[in-house]
Each structure stands twice: as C-alpha cells, then as structure tokens.
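Counting in this note's numbering, the final residue of the sequence shown is number 693, and the numbers go up one at a time with none missing.
To start, the structure under review is shown below, and the notes come after it.
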Amino acid sequence: PLIEGWASYTLGTPPPDLTPPAGITGLTNTTYLPTSITWTWTDPSDGDLAMVMVYLNNTFRANVTAGTQAFTATALPPSTEYTISTRTVDTHDNVNATWVNGTATTAAVDLTPPAGITGLANTTYLPTSITWTWNDPKDGDFAKVMVYLDGAFSANVTAGVQSFTASGLTPDTLHAIGTRTGDASGNVNASWVNSTARTSPFDPGPPQSVSALHAASAGSSSIAWAWTDPPDADFIRVMVYVNGAFAGNITKGTETYVARNLRPLSTYTLSTHTVDTSGNVNHSWVNCTTRTDAPTVNDGSSDYPFPTATMVAENLTQPPVMLDATPTPAGLPDLYLLWGTTYVPYKEWINPSYYLEDPSVLVITYSIKNIGMVASNATTSDVSINDVFFDTNPIPSLAPGETVTIASRNWTPDAATNKVGIHIDPGDLVRESDETGRQNFIWHLCRDGKKNGQETGVDCGGDYCYPCNLCNPATPLPDRFDWRDYNYMTSVKDQGGCGACWAFSTLGVMEAVYNKQEGIHAINRHPDLSEMDLVACSKAGSCGGGSAGRAADYIRDTGVVNETCLRYAPWLDLDCDDKCTDSRLWHLTQLHLLSGGSDTAKRELVCRGPLVACGANHCVVIAGYDGDDWIIKNSWGAGWGDLGYAKIPISGGNWTQTIAWMGGIYYDE
Numbered sequence: 025p026l027i028e029g030w031a032s033y034t035l036g037t038p039p040p041d042l043t044p045p046a047g048i049t050g051l052t053n054t055t056y057l058p059t060s061i062t063w064t065w066t067d068p069s070d071g072d073l074a075m076v077m078v079y080l081n082n083t084f085r086a087n088v089t090a091g092t093q094a095f096t097a098t099a100l101p102p103s104t105e106y107t108i109s110t111r112t113v114d115t116h117d118n119v120n121a122t123w124v125n126g127t128a129t130t131a132a133v134d135l136t137p138p139a140g141i142t143g144l145a146n147t148t149y150l151p152t153s154i155t156w157t158w159n160d161p162k163d164g165d166f167a168k169v170m171v172y173l174d175g176a177f178s179a180n181v182t183a184g185v186q187s188f189t190a191s192g193l194t195p196d197t198l199h200a201i202g203t204r205t206g207d208a209s210g211n212v213n214a215s216w217v218n219s220t221a222r223t224s225p226f227d228p229g230p231p232q233s234v235s236a237l238h239a240a241s242a243g244s245s246s247i248a249w250a251w252t253d254p255p256d257a258d259f260i261r262v263m264v265y266v267n268g269a270f271a272g273n274i275t276k277g278t279e280t281y282v283a284r285n286l287r288p289l290s291t292y293t294l295s296t297h298t299v300d301t302s303g304n305v306n307h308s309w310v311n312c313t314t315r316t317d318a319p320t321v322n323d324g325s326s327d328y329p330f331p332t333a334t335m336v337a338e339n340l341t342q343p344p345v346m347l348d349a350t351p352t353p354a355g356l357p358d359l360y361l362l363w364g365t366t367y368v369p370y371k372e373w374i375n376p377s378y379y380l381e382d383p384s385v386l387v388i389t390y391s392i393k394n395i396g397m398v399a400s401n402a403t404t405s406d407v408s409i410n411d412v413f414f415d416t417n418p419i420p421s422l423a424p425g426e427t428v429t430i431a432s433r434n435w436t437p438d439a440a441t442n443k444v445g446i447h448i449d450p451g452d453l454v455r456e457s458d459e460t461g462r463q464n465f466i467w468h469l470c471r472d473g474k475k476n477g478q479e480t481g482v483d484c485g486g487d488y489c490y491p492c493n494l495c496n497p498a499t500p501l502p503d504r505f506d507w508r509d510y511n512y513m514t515s516v517k518d519q520g521g522c523g524a525c526w527a528f529s530t531l532g533v534m535e536a537v538y539n540k541q542e543g544i545h546a547i548n549r550h551p552d553l554s555e556m557d558l559v560a561c562s563k564a565g566s567c568g569g570g571s572a573g574r575a576a577d578y579i580r581d582t583g584v585v586n587e588t589c590l591r592y593a594p595w596l597d598l599d600c601d602d603k604c605t606d607s608r609l610w611h612l613t614q615l616h617l618l619s620g621g622s623d624t625a626k627r628e629l630v631c632r633g634p635l636v637a638c639g640a641n642h643c644v645v646i647a648g649y650d651g652d653d654w655i656i657k658n659s660w661g662a663g664w665g666d667l668g669y670a671k672i673p674i675s676g677g678n679w680t681q682t683i684a685w686m687g688g689i690y691y692d693e
C-alpha cells in the first residue's frame with residue numbers, strides 16, 4: 025500500500041571532517057619464510073579511512089589502501105628480526121599520531137625438498153592425447169611439479185593444478201610420464217613418480233544423431249526439450265544450439281535440455297549435433313521448433329495480504345538439468361574470444377553497442393587467442409545473426425599465446441538493430457574461458473549515415489540512430505525502451521508475506537539509477553541495498569504498508585545500508601539494533617514527482633533511468649515501455665510473470681497512479 029508523503033528536494037554539502045581515524049588492530053605476522061614476512065591487520069571502522077602508512081625498521085615503505093589489510097616485505101635475509109610500524113590516514117588527510125607496531129623474524133634457509141605426488145593416473149582414452157591427474161604433496165612451501173614425457177622435459181605444473189595433458193600424440197601408442205616436485209626455495213625431490221598410458225586407436229566415424237527430439241513443455245520464459253541418445257558405444261555428448269547460437273554440451277544419458285530466460289510468445293528452435301569420445305562430430309542437424317506461452321499478469325492485486333504469484337509450469341517428463349559446465353583441468357588450451365583486439369567479458373547485452381554507418385555489405389571480423397599452457401587442436405567457430413545461424417569458420421591449432429583473426433562471409437544488414445553472436449566450439453580438451461563460449465553484440469544501423477553521438481539539435485534524420493539525444497524533448501521517442509537491455513536493472517527480489525512493496529520499489533529504482541549514473545553493466549558490481557533497513561529503521565512504513573516518499577526522506581537524511589548489513593527477514597522481527605555499523609550509507613539527493621501524462625513519464629524514463637510508481641495498493645519499478653504498456657519490475661519473486669517482470673497498460677493502471685524519478689545517488693564510506 026502507498027501512504028502519501030512525496031517531496032522534491034536537492035541535498036547540500038556536508039561540513040569538513042577534522043577527526044583522524046583510529047589505529048589498526050590485530051597486527052600479526054602470517055608467514056614464516058626465509059626471505060619475506062607478511063603482516064595482516066584489521067582496518068579501523070572509520071568510514072573515511074583512506075590508507076595505512078607502513079614503516080619497516082623505522083624506514084617508510086608503503087601506503088596501503090584501505091581494505092587491503094596486509095603488507096609483505098620481500099628480499100629479506102634469513103633469521104633476521106624486523107619491526108613494522110603503522111599509522112592511519114583518512115580521506116581528509118587527517119593522520120593518527122599513535123603508532124601500532126609489531127615484530128617478526130624471517131625463517132632459516134630451507135634445504136628440505138617436498139614429498140612426491142601421489143595417485144598419478146590417466147583419466148582419458150583418446151587417440152591423440154593423454155591426461156594424467158594426481159594429488160599434490162601437503163608441504164606448505166610446495167611450488168610445482170616438473171613433468172617429463174617419454175624422458176624429455178615437457179612442463180612445470182604449478183601447485184594446485186594437479187593435471188597434465190600431452191597432445192598431438194599418435195593413436196594406439198604407449199607413453200610414459202615422469203614427475204619430480206620442487207618447493208619455493210628451489211629444493212627438488214630426487215625421487216621420480218612415474219606412470220604409463222596408451223592412446224586409443226583412431227576412430228574415423230562420428231556417432232549417429234539423436235532421435236525422437238520433441239518439446240516436453242513450454243512456459244512463458246522457458247522450454248524443455250527431450251530426446252533419445254544414439255546407441256553408439258563411444259557416444260559422449262550432444263551439442264545443443266538455440267536459434268542457431270551454441271547453448272551447451274549435454275552429457276550422455278541426460279537426454280533433456282531446458283532453455284530459460286526466454287521471451288513470451290516467441291519461437292525458438294533447438295538444433296543438435298552428436299560427438300564421440302574421439303572428438304568426431306556428426307554434422308547432420310536434428311531440429312525442433314517450439315513457441316513460448318504468454319504470462320498471466322494483472323495489476324489489480326493488493327500488496328498486503330500477499331497474493332499468490334503466477335507460476336510457470338514446466339511439466340517435464342524428465343527433471344531439468346544444468347549445462348555441463350565442469351571446467352577442464354587447468355594446464356589445457358584455453359580459448360578466449362576477442363572483438364578486435366580487446367577481450368569483452370560475456371554479457372547477454374553489450375553496451376555501449378556498435379553503430380554501423382554504412383548499411384551496405386559488411387564483413388564480421390573477430391579474434392580468438394589461446395591463453396592456455398599448451399597448444400590447442402584445430403576446431404571451429406560459429407557466427408549467428410539475430411539468433412539465426414549465419415556462418416562457420418575454422419580455427420587452426422594455436423600455440424600458447426597465439427591469436428588468429430577470422431573474417432566471416434559478406435553480410436548485408438536488413439534490420440535497424442542486429443544481434444551478432446560468436447561461439448567457439450572447444451572440443452573435449454579445450455577449456456572455454458567464459459564457460460558458455462558465447463558472446464553477443466548488439467549492432468544498431470544508422471540509416472541516416474551518422475553514428476550515435478554525432479546527431480545534434482532536434483534533427484535526427486527520421487530513421488535516427490537510436491538512442492538519439494533522448495533527453496531532448498524534440499527528439500522522437502522509440503516505440504520500445506527497456507533498461508534491462510543495458511544491464512542496469514538489479515535482480516528481482518521477493519518481499520514474501522510482508523507488505524513492503526514501498527521499500528522494494530524505492531531501492532530497486534535507486535540501485536538501477538546508480539548503475540546508469542556510474543555506467544555499471546556487470547551484474548557482480550551492482551549494489552544490493554537493504555529493504556529491511558527501511559522496514560525496521562526508517563519509520564516510513566512497516567509490513568502493513570508504507571510511503572515511498574518518506575522512505576526517500578530517510579535515505580536522503582540518514583542513508584540506507586547494504587543488504588549484507590541487515591538482511592531481509594521480516595519473520596525474525598529485526599530492529600535497528602541488529603544492523604551492522606561498518607556498512608556504506610547510501611543517499612539520494614533528488615526525488616521528483618511527475619505530472620504531464622505518459623509521454624512526459626516516458627521521456628523521464630529514457631533520460632533519467634527507471635521510475636518508482638505506486639497506486640492505491642501496490643508499488644513497482646517501471647523499467648521501460650512497449651507501445652502503450654509499461655514494462656514493470658515487481659517484488660514478488662522471479663516465478664511471477666516473466667521472470668518477475670510484466671507488461672501493464674499505461675492508461676488506467678492501478679499500480680502506476682503516482683510516478684517519480686530519482687537522481688544524485690552516492691554513498692558514504
């Protein structure tokens with residue numbers, strides 16, 4: 025429920041801080057080595073701590089940034105005592121004059137080698153490679169395993185890797201591995217630990233295809249397909265593609281794949297290849313096309329008591345399975361996909377996007393680099409456009425550190441917005457650095473021949489290159505806009521049986537606006553703020569309802585903490601005494617109630633970020649619009665609507681009678 029209490033305001037500047045921070049605590053040596061000492065400590069809880077000044081034997085050595093809480097002195101002589109001295113400094117250059125000191129002695133020189141490895145065994149049976157695994161010794165200073173293949177040195181394998189793959193071998197041939205261990209002081213164990221293994225005979229033929237491929241169920245955001253594996257004895261996995269884009273490797277015996285995060289009322293095609301233990305791929309396609317259902321959504325439900333969420337039924341004939349994402353042991357080839365010369369971490373949507381000035385024939389180029397420790401086998405990479413298979417290109421064998429640049433066949437764009445997907449097929453013995461091996465890029469075609477950002481004034485050329493100065497009231501609004509496409513929206517949450525929609529909508533907008541303000545697209549860097557802080561401490565409401573406006577007042581004046589400081593658990597009857605004291609305090613400086621109709625609200629949405637909206641009995645986040653519908657983010661969990669989102673009519677909506685935008689989000693340390 026919404027209780028009145030909206031306000032518009034702008035925050036002033038706080039007074040300067042002249043108080044120095046407290047000193048560090050718990051200063052202690054955590055190592056015992058002959059040439060180095062590592063001290064650790066606990067930083068003081070002062071929110072404005074900037075650094076710790078470190079002196080070694082009364083000589084200044086370093087400024088250690090707040091949060092690091094450790095310092096290592098290196099190149100020291102053995103069996104020597106050292107004293108570390110520290111003073112703390114805050115962001116206003118206030119220095120604590122009190123010293124906090126500690127002493128430690130380096131260890132004597134180590135002349136004892138580590139023990140040998142144990143459990144050395146071959147874990148593969150392939151025609152051109154052998155992978156051995158083992159257990160490292162438990163010596164604290166153990167550093168590496170020296171590996172010899174057939175009597176010749178091959179590689180140093182770092183502690184913790186515990187595997188080695190010999191590739192480029194001849195089928196049906198016996199090979200011997202020999203190992204010796206070394207420690208951090210350079211001591212080498214003279215005793216050998218050895219093993220022999222044989223490569224399998226060459227297998228020239230791929231397995232048969234899957235059979236009886238069908239859609240077992242289809243919800244509004246997911247589809248489950250099932251099939252029967254081929255009978256070949258050496259069959260090992262099914263490669264699955266969704267709308268031409270590689271989606272995963274499904275292990276033998278699983279016989280099902282579930283595609284999630286799909287759009288309602290959309291068509292999806294599952295395509296399959298089969299692979300055997302020798303790496304032979306059956307390139308014959310077996311396909312099945314299915315359409316997702318529409319979600320059931322209405323905006324007439326009350327926030328409290330909590331309504332029953334609309335769930336998506338899967339009705340699987342077999343239980344859903346996760347993709348086979350088990351990482352290959354380190355030390356193998358590891359293929360990274362590069363765009364141009366810069367590696368781009370995987371995201372479903374990339375922003376900023378690429379804008380094409382010339383709508384004529386184009387060539388898609390990309391690069392692939394082997395960042396592994398040994399050479400990779402030759403393989404392939406696929407290109408898809410708008411989720412439809414476009415081209416396959418060979419990848420040659422790559423030495424460690426080697427890069428190959430690939431150009432696809434000619435492409436003539438036929439849409440204003442194009443999604444280009446690149447997928448690497450690594451085979452059984454190549455690790456994919458992003459696990460899925462797929463990256464998507466959104467390309468917008470500028471039909472007036474101008475890149476985004478070059479458009480000025482009110483002339484966007486009719487078919488303007490979206491987005492074209494969308495904060496300018498004279499610029500035409502796009503037919504559809506969704507902040508999810510920019511990875512600014514934070515995760516969907518579930519308020520449970522507590523009527524705290526006013527808190528969830530306020531912080532949902534605040535988190536997304538901060539991401540937009542700072543340009544944060546990576547999900548693991550999104551802020552996660554505490555709704556429980558607002559429910560228990562703000563006096564803006566409770567589980568029986570509240571005011572988003574008064575919650576904003578509390579955030580402006582007092583600040584809201586991170587979720588980890590006071591987790592959402594209304595059933596535990598938490599209060600402010602349960603809140604931690606060392607969290608960031610997040611503030612907002614602007615809140616403005618909108619008037620002027622839906623076009624005004626759309627303009628503020630695309631210009632300023634997501635909006636907070638409330639009606640007589642519920643509050644939500646407006647994440648975008650599609651024609652005459654708002655795209656809203658609810659707080660009833662990801663099982664409601666379309667993964668927690670839904671469309672509701674702009675005109676006459678019960679949940680969007682009052683709308684406001686936020687701005688100026690910042691935090692105090």
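Think of the CB as a built atom: it goes at the ideal place given N, C-alpha and C, for glycine as much as any other residue.
Sub-8 Å separation of residue i and residue j beta-carbons
{"i": "V636", "j": "S529", "result": "yes"}
{"i": "A139", "j": "W156", "result": "no"}
{"i": "D256", "j": "D300", "result": "yes"}
{"i": "N159", "j": "P44", "result": "no"}
{"i": "A593", "j": "Y578", "result": "no"}
{"i": "G91", "j": "D67", "result": "yes"}
{"i": "G648", "j": "N678", "result": "no"}
{"i": "I141", "j": "V185", "result": "no"}
{"i": "T112", "j": "G47", "result": "yes"}
{"i": "L617", "j": "A625", "result": "no"}
{"i": "A200", "j": "D174", "result": "yes"}
{"i": "I646", "j": "L629", "result": "yes"}
{"i": "C262", "j": "T298", "result": "Note that residue 262 is Val in the sequence shown here, rather than Cys. Going by C-beta atoms, V262 is nearer than 8 Å to T298."}
{"i": "N273", "j": "Y292", "result": "no"}
Identity of the residues DSSP links to residue i by a beta bridge
{"i": "S219", "result": "I201"}
{"i": "T142", "result": "N159"}
{"i": "D518", "result": "W660"}
{"i": "K671", "result": "I655"}
{"i": "H297", "result": "M263"}
{"i": "D14", "result": "This structure cannot speak to residue 14, because the chain is shown only from 25 to 693."}
{"i": "R315", "result": "T291"}
{"i": "G229", "result": "None; G229 has no bridge partner."}
{"i": "Q93", "result": "The partner list for Q93 (beta bridge, DSSP) is empty, contrary to what the question assumes."}
{"i": "M397", "result": "In the DSSP output, where bridge partners are listed per residue, M397 has none listed."}
{"i": "A637", "result": "V644 and I683"}
{"i": "N213", "result": "Answer is none; N213 lacks a bridge partner."}
Option in the options with minimal Cα separation from residue i
{"i": "N125", "options": "R549, W65, A240 and Q232", "result": "W65"}
{"i": "P418", "options": "R433, V262, N410 and V412", "result": "R433"}
{"i": "L198", "options": "A214, S187, A221 and R261", "result": "A221"}
{"i": "Y172", "options": "S103, T404 and R204", "result": "R204"}
{"i": "K540", "options": "W595, V310, D552 and Y512", "result": "Y512"}
{"i": "S391", "options": "G192, A662, D406 and C495", "result": "D406"}
{"i": "H307", "options": "I395, T416, T293 and N211", "result": "T416"}
{"i": "Y694", "options": "T624, G569, G633 and G184", "result": "The chain is shown from 25 up to 693; residue 694 falls before or after that span and cannot be answered."}
{"i": "D411", "options": "L51, N394 and H447", "result": "H447"}
{"i": "T122", "options": "V78, T129 and A132", "result": "V78"}
{"i": "F166", "options": "D196, P151, T189 and G206", "result": "G206"}
{"i": "I395", "options": "A536, V428 and F414", "result": "V428"}
{"i": "T59", "options": "G50, A132, D506 and L629", "result": "A132"}
{"i": "P225", "options": "A190, S302 and A271", "result": "S302"}
{"i": "D227", "options": "D196, S109, V234 and H545", "result": "D196"}
{"i": "F259", "options": "W249, T275 and G268", "result": "T275"}
{"i": "W82", "options": "Y106, D602 and M534", "result": "The sequence as given places Asn at residue 82; Trp does not occur at that position. Looking at the Cα atoms, Y106 is the closest of the given residues."}
{"i": "N87", "options": "S103, D70 and I108", "result": "I108"}
Okay, do the region 602-620 and the region 678-693 touch, 3+ Cβ pairs below 8 Å being the bar?
-> yes
Okay, do the region 305-317 and the region 238-250 touch, 3+ Cβ pairs below 8 Å being the bar?
-> yes
Is the region 580-588 touching the region 657-675, taking contact as three or more C-beta pairs under 8 Å?
-> no
Could you give the uninterrupted runs of the beta strand (DSSP E) lying entirely in the region 400-429, keeping only those of 3 residues or more?
-> 403-409 and 412-419
Take every Cβ of the region 393-405, pair it with every Cβ of the region 418-428, and state whether three or more of those distances are shorter than 8 Å.
-> yes
Return the chain-ordered ranges of every beta strand (DSSP E) run that is complete within the region 231-295 and spans a minimum of 3 residues.
-> 235-242, 247-252, 259-266, 269-275 and 280-283
Counting pairs of beta carbons, one from the region 595-602 and one from the region 554-561, are three or more of them closer than 8 Å?
-> yes
Can you list, in chain order, the stretches of the alpha helix (DSSP H) that have 4 or more residues and sit fully within the region 537-589?
-> 555-561 and 572-581
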